[in-house]
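In what follows, a single structure is set out as structure tokens and then discussed.
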Amino acid sequence: MTLHPGDINLASNNDMKRVGGAPYEYFATLRREAPVFWNPPPIDGLALRDLENYEPCGFWVLSKFDDVALASKDTERFSAWENGILWIDLKQSPMALESQRSGLMGMDPPQHAQYRRLVQPGFTPRSVAAMEPHIREEAAKVIGELAQRDSAEFVFDVAAELPMVLLCEMMGVPEERRTEYLELGNGTATVEFNENFVEDQINLFLLLDDLVKSQKDAPSDTLLSKYLHGEVDGRKLTEPEITQFFQVLSIAGHETTRNTTAHFVRLMDEHPDQKALLLEDLEGRLPNAIEEVLRFSPPVMQFCRTATEDLTLRGVDIAAGDKIYMSYISANRDEDVFEDPDRFDILRDNADKHLAFGTGAHFCLGASLARLQLRCVLHELYTQIPEISLAGAPTPMYSVWFNALDAMPVRTCPVAAHG
Ligand code: HEM
């Protein structure tokens, strides 16, 4: 099917379903014909349409790598604070905008750096490296359990497990409440589809409230404790600031790593030649293979900014106040940066140049942790169960935000079974 600019409305779940998920071909057209393109408000299938007060709005779609990088880095002209980071007009919903502004993702410098500093030490490559033995151990448990079974649903039964356990440990969620936490985290991440979104969000906040109470008088090493006991400008953080931080992590830390793990297994299944290359030298090739999966199938399709002044980009006039959609899935397939971008190639020499983690001030705080988790779980998977294969077609989520899978059946054939 030849697609023309405007054939797909990027804010419509219906359109995502119509084209079968992440619309790579459409973005190829935009990069070629309209790299700065006005996507009007959708007429149907608006993601979030069921939530009160969320207004559809049009936005400028940036599809070239350099433009996405520019908008990410130039926080003065492209603001996260002004009108939120989602593809909707949050100015119509002052409470939702306020709530987003109280979290890291919805702030601009210099305020953003003050808050990021509170938790940054827990995420440096050095701090994360210290977690490696524990992460390896947890990954071995998850894959060990999978190896005992002939088949499984991979996305939620397997890939979700490690990010969930680690996040619970980092936040101090007690073991008996971890399943509940995972469900509520997923419920709030699937804001586009979840009929119980508001209820799940309230329950997530109640869970947080319990955690706050239990950690208030006993400072510890958890991230939550650092936020609870930390100070910005000589004052303690407010309740909405703590809540928002917790919610962002509950979405950012689960959904993304889970889907990257699932995409990795899917892509290896779809490209047996690449899987053979990987298995020839698992230790040596795994890190670059992970970068190539993040480039080829990034789990987050987009975040938005708002123009703070009138500006011109590639000859197109953008007005102050206009929403800007930064397409990571398109930037990562930009032929000006990646040779033959639609080829999945785990030996690609610049695979790690991708923008799957964003760039600039908001560069993903959890990138080192995510990379380590992925290395541990995938190393364990392809060592214990190299024969793992898909037992049916994966079910895409048809989200306008996440490049996500709802389910993916796999068949296992553990190495141990032969031995
Ligand atoms: C493969 C896994 C992941 C991907 C692809 C990913 C992607 C992203 C992206 C695209 C952004 C936004 C950048 C922007 O707005 O410019 C982001 C921000 C963020 N991510 Fe991740 N993420 C991943 C894993 C994680 C994990 C495991 C955590 C924490 C446990 C995490 C925590 C965060 C936080 C706190 C932010 C906000 C940073 C800020 O605004 O300063 N992420 N991530």
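Take our numbering: the last position of the sequence shown gets the number 401, and nothing is skipped along the way. Glycine residues also receive a C-beta, built at the ideal position from the N, C-alpha and C atoms.
Exercise for the section: Quick one: grab the DSSP three-state call for Glu174. Expected result: Within the sequence shown, residue 174 is the residue found at index 192, counting from 1. Three-state DSSP puts Glu174 in coil, outside helix and strand.
Problem - Distance CB(Gln355)-CB(Ile117) smaller than 8 Å - result: Locating residue 355 in the sequence shown gives position 373, counting from the first residue. Locating residue 117 in the sequence shown gives position 135, counting from the first residue. Taking C-beta atoms as the reference points, Gln355 and Ile117 count as a pair closer than 8 Å.
Handout entry: As assigned by DSSP and simplified to three states, the class of Ile25
Key = Here residue 25 is taken as the residue at index 43 of the sequence shown, counted from 1. It is coil, neither helix nor strand.
Exercise for the section: Inspect the CB distances between the segment 305 to 324 and the segment 278 to 285 and report whether three or more fall short of 8 Å. Expected result: Touching, yes.
Problem - Residue interval of the alpha helix (DSSP H) (run including Lys46) - result: Residue 46 sits at position 64 when you count from the first residue of the sequence shown. Run containing Lys46: none; DSSP gives neither H nor E here.
Practice task
State the start and end residues of the unbroken alpha helix (DSSP H) segment that holds Thr243.
Solution key: Here the question's residue 243 lines up with position 261 in the sequence shown. Start and end: Glu237 to Glu252.
Exercise for the section: Select from His253, Ala349 and Val214 the residue whose C-alpha is nearest the C-alpha of Glu273. Expected result: Residue numbering aside, residue 273 sits at position 291 when the sequence shown is read from its first letter. Taking only the C-alpha atoms, the option nearest Glu273 is Ala349.
Problem - Through-space distance from Gln130 to His400, alpha-carbon basis - result: For the purposes of this step, residue 400 is taken as residue 418 along the sequence shown, with counting starting at 1. For the purposes of this step, residue 130 is taken as residue 148 along the sequence shown, with counting starting at 1. Its pLDDT being 45, under 50, His400 is placed unreliably by the model, and the measurement read from it follows with that caveat. Approximately 13 Å between the Cα atoms of the pair.
Practice task
Using alpha carbons as the reference points, say which of Gly303, Pro115 and Leu276 lies closest to Leu337.
Solution key: Here the question's residue 337 lines up with position 355 in the sequence shown. Of Gly303, Pro115 and Leu276, the residue nearest in Cα terms is Leu276.
Exercise for the section: Run the proximity test for Ser54: is its beta-carbon closer than 7 Å to any non-hydrogen atom belonging to the ligand HEM? Expected result: Counting from one through the sequence shown, the residue named residue 54 turns up at place 72. Ser54: yes, Cβ under 7 Å from the ligand HEM.
Handout entry: Per-residue burial, Met250 [other beta carbons within 10 Å of its own, 16 or more giving buried]
Key = As a working mapping, residue 250 is identified with position 268 in the sequence shown. Buried, by the Cβ-count rule.
Practice task
Would you decide whether Gln256 is buried or exposed? Buried here means 16 or more other CB atoms lie within 10 Å of its CB.
Solution key: The residue you call residue 256 lines up with position 274 of the sequence shown. The C-beta of Gln256 has 16 or more other C-beta atoms within 10 Å across all chains shown, which makes the residue buried.
Exercise for the section: Give every residue of the same chain whose Cβ lies closer than 6 Å to the Cβ of Glu317, excluding the five residues on either side of it in the sequence, and list them in chain order. Expected result: Locating residue 317 in the sequence shown gives position 335, counting from the first residue. Closer than 6 Å at the Cβ level, and outside the excluded window around Glu317, lie Pro323.
Exercise for the section: Quick one: measure Cβ to Cβ for Ala134 and Leu128, integer angstroms, because I've assumed they're closer than 8 Å. Expected result: To locate residue 134, count along the sequence shown from 1; it is residue 152. To locate residue 128, count along the sequence shown from 1; it is residue 146. With 8 Å as the limit, Ala134 and Leu128 qualify as a contact, their Cβ atoms being about 6 Å apart.
Practice task
Verify the contact flag: Gly3, CB atom, against every heavy atom of the ligand HEM, threshold strictly below 7 Å.
Solution key: Here the question's residue 3 lines up with position 21 in the sequence shown. Flag unset: Cβ of Gly3 not near the ligand HEM.
Problem - Test item: CB-CB of Gln74 and Glu15 under 8 Å - result: Residue 74 sits at position 92 when you count from the first residue of the sequence shown. Residue 15 sits at position 33 when you count from the first residue of the sequence shown. Taking 8 Å as the cut-off, the Cβ atoms of Gln74 and Glu15 do not count as close.
Practice task
From the DSSP output, in three-state form, read off Ile370 for me.
Solution key: Along the sequence shown, read from residue 1 onward, the residue named residue 370 stands at position 388. The DSSP-derived three-state label of Ile370 is coil.
Handout entry: Contact under 8 Å by Cβ, Ala141 with Leu164
Key = For the purposes of this step, residue 141 is taken as residue 159 along the sequence shown, with counting starting at 1. For the purposes of this step, residue 164 is taken as residue 182 along the sequence shown, with counting starting at 1. Cβ atoms of Ala141 and Leu164: not closer than 8 Å.
Handout entry: Euclidean distance between Cα positions of Val230 and Gln82
Key = Locating residue 230 in the sequence shown gives position 248, where the first residue counts as 1. Locating residue 82 in the sequence shown gives position 100, where the first residue counts as 1. Each residue's Cα considered, the two are about 9 Å apart.
Handout entry: CB contact flag (Tyr97, Leu79, <8 Å)
Key = The residue given as residue 97 occupies position 115 in the sequence shown. The residue given as residue 79 occupies position 97 in the sequence shown. Cβ distance not < 8 Å, so Tyr97 and Leu79 don't count as in contact.
Problem - Cutoff 7 Å; reference Leu219; Cβ partners in own chain excluding five residues on either side - result: As a position in the sequence shown, residue 219 is number 237, starting the count at 1. Result list for Leu219: Tyr209 and Gly212, in chain order.
Exercise for the section: Count the other C-beta atoms from every protein chain shown that fall within 10 angstroms of the C-beta of Ile25, then say buried if there are 16 or more, exposed otherwise. Expected result: Walking along the sequence shown from the start, residue 25 turns up at place 43. Classification of Ile25: exposed, given that the 10 Å Cβ count is below 16.
Practice task
From the DSSP output, read off the bridge partner residues of Phe227.
Solution key: Sequence index remark: in the sequence shown, residue 227 carries index 245 (1-based). Phe227 pairs with nothing; no bridge assigned.
Practice task
Mind the definition here: the segment 235 to 243 touches the segment 187 to 200 only if three or more C-beta pairs lie below 8 Å; say whether that holds.
Solution key: The segment 235 to 243 makes no contact with the segment 187 to 200: fewer than 3 CB pairs, one atom from each, lie closer than 8 Å.
Practice task
Please report how far the alpha carbon of Gly104 lies from the alpha carbon of Asp299, in whole angstroms.
Solution key: In the sequence shown, residue 104 corresponds to position 122, counting from 1. In the sequence shown, residue 299 corresponds to position 317, counting from 1. Looking at the two C-alpha atoms, the distance is approximately 41 Å.
Practice task
Specify, as a first and last residue, the run of the alpha helix (DSSP H) that Ser402 falls within.
Solution key: This structure cannot speak to residue 402, because the chain is shown only from -17 to 401.
Exercise for the section: Examine the ligand HEM and report whether any of its heavy atoms sits within less than 7 Å of the Cβ of Phe41. Expected result: As a first step, residue 41 is located in the sequence shown; it is residue number 59 there, counting from the start. No; taking the cut-off as 7 Å, the Cβ of Phe41 has no heavy atom of the ligand HEM nearer than that.
Handout entry: For Leu360, the residue or residues it bridges with in DSSP
Key = By 1-based counting over the sequence shown, the position of residue 360 is 378. Checking the DSSP bridge columns, you'll see Leu360 has no partner listed.
Practice task
Indicate, with yes or no, if the ligand HEM has a heavy atom lying under 7 Å from the CB of Leu276.
Solution key: Working through the sequence shown from its first residue, we reach residue 276 at position 294. Yes.
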